[in-house]
Each structure stands twice: as structure tokens, then as C-alpha cells.
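Down below is the structure, laid out as C-alpha cells.
Protein chains in written order, with my numbering: chain A, 1 to 428; chain B, 429 to 856.
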């Protein structure tokens, strides 16, 4: 869900258009000066019979007609909730399309370095015959098979590497995220609290990138990976969660790991992989969801204000495209299905959606296991414009959308200050 | 398969980068002056064990590992060919995901105008509850239910409307294709030879476009339509072929149509819909394939030379993305499966692929039913560089790819001069 690179691209393109404008060269991006984007913000049928001529309109109508098959229902009984969780898990398994792979070598340790109070091991896994997936394991001094520790699988956001997230030196100076680096470190607060931290890359980023290390990193071409996965009938999220789950399955076999205290902490893009693993693997104890919570289908339906060239935004890139996802569920349904396992939200979202999650945990008998923090800008209820409102208005742009769902994008980062007391509460 | 708009975009972006370069502002698109794209053109494993670290590399390995389930085999017997055609049809039906829609009103005639020697009727169909699909029907004078005529369903290329393709005035001056318009007219040669021509739009174009008519037309945002279709588990081609097949099914019920002489003529993007309908509907008599023939999977595997920013090309946009397509077949397999129904190729392609089609028609007992013309630039066998060669080299760019598969892109247009004698031969 991280939109940093999208925002960068947008700014870049606007700069280009501005330069072109100055030079009087409009070329391909020509615009009609009489076109008023606001007038066309809401997509409506052009005809009185309610049918759309525009194919984009037809799709808008079809999107509005989706009733997700495994949507959470606040009126569920405890028994119905349990049955629904199993059904949702089955649907998730189906659309994630994990392959069955046999005869791959076991993961191998390929390096180790001692830091102050912990050591960092580098390992490699071989989830598919074509690939190698390196990951870092941060082990606090004193943790061993006789003293196993709670363990957190840390998944970076878009633009960050496992090294960024582990507070380790980058493998390539171009992989460095924007300063200050501390904003992107996930693992160290956990390690300092005595947990093992296992840190992975997202597919296509850092050590798993293609040529970006020579040129445009930390802007990675996730979409190139996503595109070919989609061609194969897979998806970026399906692949990413598959390689992360492969590492998680390894974690579950390590004697230094307290098997009853395995946690996933996902930042931004990493929250998607977190949700998939959380649904598929009931052995995971708890979750740190470091992003805002939203309904991505609704976002696609309401975020339709065109730019001055008549181009409506894509809410996000094809790395978030999972065929049939919206027909089954949306993010709030998925997180609700994690009940009653502890979950920490560090960047809020829309109250309506967070309330669904709260309700699920209430039905599951553990309402106290949901902890929610908003961005400071939206912490006071009176600053949340959609409080008590059930649906967002159509025809808005990205800026308005973010404001309505309580997102303070420039402040999107790792909220270590919220994680530490939560760790102390749940992982000791 | 039309790449005109891609080429336009590429030229535009290169122009922008050039301007930025002049202004000394490289911004987001910064490049490393020591990066040599040619050195990285071929995607290879970074390690001696043959595994890829780069996720893009993993995908490259997976793409190279695809063995399409319904690939044509030149050693088939006539019986095996027939069995394979049925299996391929079933697989096509499955990945095209046509919905079952009931209770929609019958198509309606909404207008009519007399031209010299024929009349043009405008009709509307209602294939889905959300949509209306207008189409044009060109009827030569003298054709009526007592004098039914061969009928050609004409499908435009990218950037053209049904009006362009029918030689009718555009509904919006912005919809006009580049001059001379005659290059894009599909229907009139058929009408002049006494055939009925039914002309449809591609989804998202012309009358089916969103806001492009105010701004950037004839550049249409096909990808916006494609994206949401993919989210729903459908695809641009699945949707486009569905609406075209709906019109085709109407054609099959019209008394003015000679039911034994229904032909599909597809230009560029329209050839994809042609292939789908051809496979799904054995009632179609013959095909005019107005584009070059290639293997799109191979194209994705070999066209990997990065630009100076380290970005490898997507061979085409997501409107061509059909999940699992490549796992089943590629274009030459599909066209081969149309045997023994007459097919005219107007823009050649790679001899290796065309020979597969020839072989299928030979097995089906009608080798004379394949007629192939190359672009004039590649008409002489000695000008076709890959003649007799079985696989294309990896690591090439678009320009080299087009040259190797015998494509003279600036000459990509409707080849009426080839269609007319073919019509006279097959449709009288």
C-alpha cells in the first residue's frame, strides 16, 4: 500500500509536463483547455436505462456490483465466525496459487557477523528450482536451543531492503532509502527486547532486484516481476507470500525459536504478505500491521477523478493485482479473520473498517487483542472526517482519499515507539 | 499486437528524457554513466548453480520452462489433430471466462443512412446488464432475406473506431486516426464485393471510450479497462471477444446473412478477438488475419535489452495479459487449430511459425486454404533473416525483434489489395 514511489513518479511526470508546457511542446500529452476534470470525476451511465457505453463505465458498474463471497458479517455467531475463517482460508489458498515443490535443498547458512548484543546470520533458501532467496536472522546474545526466544518475521515496505529493515549496511549504496534510515528499521526494536528477528526481501527488491542497483534503485521495477507472474496465472502477492512462507516454515523448525510466539511484522507493502500468511498459517501467534487499513475495492470505485488529460488514476500498480481477490474479500475481512490472535495497527485507517476488525475480535471473545493507533494528525476523533459515516464519496482524487481514510502519507514509516510496549506486553 | 501507441509513448518519453538531459535535470530517471545496457541484455543466472537471485531472473527461468499444454505438434495424425482442436477449444473457453448472462433485451436498430451502393445501419446490443455495445451493419443494395450475402465481422486495430473501419464519419473529430484514413478502412472492400460487413469497436475505444474524446484520443486507455477486468478474474481479450461474440451470435440469426459464409477480419489488436472467436465457434467459415504472426511467449523471453535506466521492455501492455494463456498455447497454435478453414495472412511473420500453420492445414487435408503474404520489405526469402532458423536470440530490443520476425512496422495497415482477390476466390 506504500505510495511513495507512485508519488515520486507522479511528481516527476508533473515536472516533465511543466517543462514541456514551458517549451510549448505538448505532444502526446496534449490537453483540451475546455476539459474540466471535476465535471467528470464521478463515473455515471451516459443513458437513462442505466447502461454504460464507456467500457471503463461498464467496469465501474461491475465493480460496484461485487458482493465479496467471504466478507465478514458483524452479525456472525462465534460458531459462524469459526466456519467463515476456515472458508476464507480455503479461498485464500486457492487464489494464492502456491505451487507444490519437492526435492529442493534445505536452507543454508552462508555468513555470520557479530553486532553489539546480537549476531546477524545470513541464510539462503531455495523455494523453487529457479530461485535462491537470501534472508537475515538476528539472534540476541544468550538465545540458543536451551533458551529459545519469541521470533518476528519482518517484511519491508516498497523501496526498502532486508538490510535497511535490519539496520545492516546495504549491499549496494544505491539500495539506501531516503534519510533518516532509522525510519525504516523494523527488526532492531524486537531484537533489543530479546526476540529473534528474521528479515526477508520483497520479490524484486534489493538483493532480489534486476538491474536497478546500477541505475534507479531504490525505485524497483516490482511491476516487471508482477507482470510475468500474472501471465503465469500467479501474482506478485502470491509469489511474495510463497517465498516468505517458505522462510516462515523454516523458522518453525528452528530450536532457538519459541514456537508459541511467532509474530509477523509487515510494513506497507509487507502487510499484504503478512495478511496472506496470517490467514494460511494458524500457528502464527500475533501480527504487527504497520500501515493504514482500507478497502481496496472501494478505493478503486471512489478514486476516479481524472487529471487534466482525462486520465483517471489507478489506485495502485499491478503488483497489487490478484485476480479474483475482490470477489472473495478485502483487507478488513482478512484482518478480521485473524481473530482472536493479537494484532497491533500502527497507522490506523478508516474507523468503519477498523470497527469490523474490533467486532470480529469481540465475537471471538478477545476484544482486548486489537490495539489500534492512528497517525497523530488523525488521533483525535474530531479530526477523522468519516467517523460514523458508512461509505466514501465517489469521484475523489488520491489526496482526498488519503485525507478521508486518515492517512498522513509523509509520516508513513515504522512506528517503533508503538511496537516496543506491545512487544513487552505480548512477547515476554 | 499493434505497437503504434507503444512506439508513440516510447518516442515521447525519449523526447522528454532528451529535454531533461539538455536542461541538466535528470531527477527520477537518473542514470549511471557506467551502465552499459548491451552487457545486461541477456538475462542469466548470477550463480554457478543455475539459480537466479533476481526475481525478474526467476521469472525468466520460469517462462523458459513453459511447455504449452496445447501446443501444435507437426507429427499429429489427422485424428490427433481433430482431438487436439477440441481440447484446445475447451482450454480457450476456460481461460476466456465468458459469463452466462440471461434476460438481456435483443439488439435494436437505432439508425440508418444510405450510402452509394449500400446502406449503413446502426445497432445496439446489450451483452451484460451494465453495458450497451453499438455496432454498424453495412448492407449492399440488393441484399435481403431472399438474397443473403456472405458476411464479414470486422474488428479494428488499436486506435481505430468502428467508424474509421467502416469509412464512416467519426462520432468525435478527436477519434480520427492519422492520415490517410484509407489505411484503416476494413469494411468497404468487402461491401464493394457484395458482402455484408458488421463492424464493432474494441472495448475502451471510440464510442466505448471514457474521457479520451475530450483529450488524448485516438490514444485510448485500454489498460484502464484491462486492469479492472483482471481484478475481476477476467481479461481485456476475454471481455472484448465476449462482446464481439455476442454480436457474431446476432449475425448468425440474420436472414440477410449467408450462414455458410461468415468471415472474421481482424486488424492488429482485432486479430486477438478473431483468434478467440475462431477457436470457440466452428461455424465461422474463414479468417483474414491482418497482422504478423508471432509467438508472444518467445517475444517476452527474447526482448530483454534494457534501456539506459536498466529498464527492460514489456513486450506489450496489460491489455494483452491473459492469465495462463502461455501455459496453454501461443498464437501460432491457435491459428493452426483453425485448419482447414480458409485463412489469409496479410503481413506475414516468422517462417517457422507460419510453417506450423501450413503443416496443420496439410494434416487437415487442405494446404491450399492458407494464403500468406509478407510485408513487401520481407517478401523475398533472402530478406528474411530467420528463414530456416528455429529460435530467436535472447537479449534483443524491439527494433531487432521486429526485424527478425519480418515486421515493417510503419507499413502496418489494412491490406485491401490482398483482401479483394481473396474475397473473390472464397466468398462468391
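Using N, Cα and C, we set each Cβ at its ideal position, and we do this for glycine too.
Inclusion of residue 741(B) and residue 826(B) in the CB contact set at 8 Å is warranted, their separation being smaller than that value.
Residue 203(A) sits close to residue 483(B), with the two beta carbons spaced by under 8 Å. Under the 10 Å beta carbon count, residue 575(B) is surrounded by fewer than 16 other beta carbons and is classified as exposed. Counting along the chain, no beta strand (DSSP E) covers residue 810(B), and no H or E run does either. Closer than 8 Å to the CB of residue 751(B) there is at least one CB belonging to chain A. DSSP, read as helix, strand or coil, puts residue 366(A) in coil. Taking residue 616(B) as the centre and dropping the five residues before and after it, the same chain places the C-beta of 595 closer than 7 Å to its C-beta, in chain order. Under the three-state reduction of DSSP, residue 852(B) is assigned to helix. For the 8 Å CB-CB criterion, residue 707(B) and residue 693(B) do not form a contact. Setting aside the 5 residues that flank it on each side, residue 815(B) is surrounded in the same chain by 779, 809, each with a C-beta closer than 8 Å to its C-beta; the list follows chain order. DSSP places residue 471(B) outside both helix and strand once states are collapsed to three, so it counts as coil.
With a threshold of 8 Å between beta carbons, residue 333(A) makes no contact with chain B.
The DSSP assignment places 286 to 290 as complete runs of the beta strand (DSSP E) inside the segment 265 to 300 of chain A, in order along the chain (cut-off: 3 residues). The beta carbon of residue 777(B) sits closer than 7 Å to the beta carbons of 720, 721, 722, 833, 834 from its chain, once the five residues preceding and following it are set aside; these are given in chain order. Going by C-alpha positions, residue 522(B) is about 41 Å away from residue 345(A).
For residue 361(A), same chain residues with a beta-carbon under 7 Å away, outside a window of 5 residues either side, are 339, 340, 367, 369, 370 in chain order.
For residue 538(B), the three-state secondary structure derived from DSSP is strand. Runs of the alpha helix (DSSP H) lying entirely within the segment 540 to 623 of chain B and spanning at least 4 residues, in chain order: 590 to 594, 615 to 620.
When DSSP states are grouped into helix, strand and coil, residue 843(B) belongs to the coil group.
When DSSP reads this structure, residue 799(B) sits in a beta bridge with 772(B).
Boundaries of the alpha helix (DSSP H) harbouring residue 677(B): 664 to 679, taken from the DSSP string. Put simply, the segment 618 to 631 of chain B touches the segment 560 to 574 of chain B. At least three CB pairs are less than 8 Å apart. Residue-level contact by beta carbon holds for residue 484(B) and chain A, with a gap shorter than 8 Å.
For the pair of segments examined, the segment 529 to 539 of chain B was found not to touch the segment 602 to 615 of chain B: the number of CB pairs separated by less than 8 Å stays below three.
Membership of residue 651(B) in the alpha helix (DSSP H) is indicated by the continuous run 650 to 659. In the three-state DSSP reduction, residue 511(B) falls in the helix class (H, G or I). Put simply, the backbone Cα of residue 364(A) is about 15 Å away from that of residue 286(A). With contacts defined as CB atoms closer than 8 Å, residue 487(B) and residue 228(A) qualify as a contacting pair.
Restricting attention to 679(B), 552(B), 505(B), 495(B), the CA atom closest to the CA of residue 47(A) is found in 552(B). For the options 710(B), 699(B), 822(B), 524(B), the alpha carbon positioned closest to that of residue 728(B) is the one of 822(B).
Within chain A, the residues 130, 232 have their CB atoms less than 7 Å from the CB of residue 490(B), given in chain order. Nearest CB-CB separation between residue 215(A) and chain B: below the 8 Å threshold. Pairing residue 547(B) with residue 718(B), the inter-Cα distance amounts to about 25 Å.
With its beta carbon at least 8 Å from every one in chain A, residue 675(B) lies outside the interface.
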